[in-house]
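Okay, structure first, notes after.
Residue numbers (my numbering): 46 to 113.
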């Protein structure tokens with residue numbers, strides 16, 4: 046599970062990461078990832094570059110999800 050970078054920041058104090066959690070469906074050779082929304086399981090329309098992703102650590106369950 047990963048977080049996606051927020052490119053729609055309107056202020057310096059806005060969050061750097063989108064509040065939605067995504068699941069990696071598939072990974073490609075060029076560091077691109079196909080993501081799906083973790084709650085609705087809908088695929089995103091485009092692949093996402095790996096530099097715009099961050100691992101999500103679930104603090105409630107104390108489980109770490111690893112992206113390979």
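For each residue, glycine too, the CB sits at the ideal point set by N, CA and C. None of these values were measured; they are calculated from a predicted model.
Residue 71 has 79 as its beta-bridge partners, per DSSP. Nearest C-alpha to residue 101 among 54, 68, 72: 68. The criterion of a C-beta distance shorter than 8 angstroms is not satisfied by residue 54 and residue 62. If you look at residue 48, you'll find it in the beta strand (DSSP E) that goes 47-50. The closest CA to that of residue 77, considering only 105, 93, 83, is found on 93.
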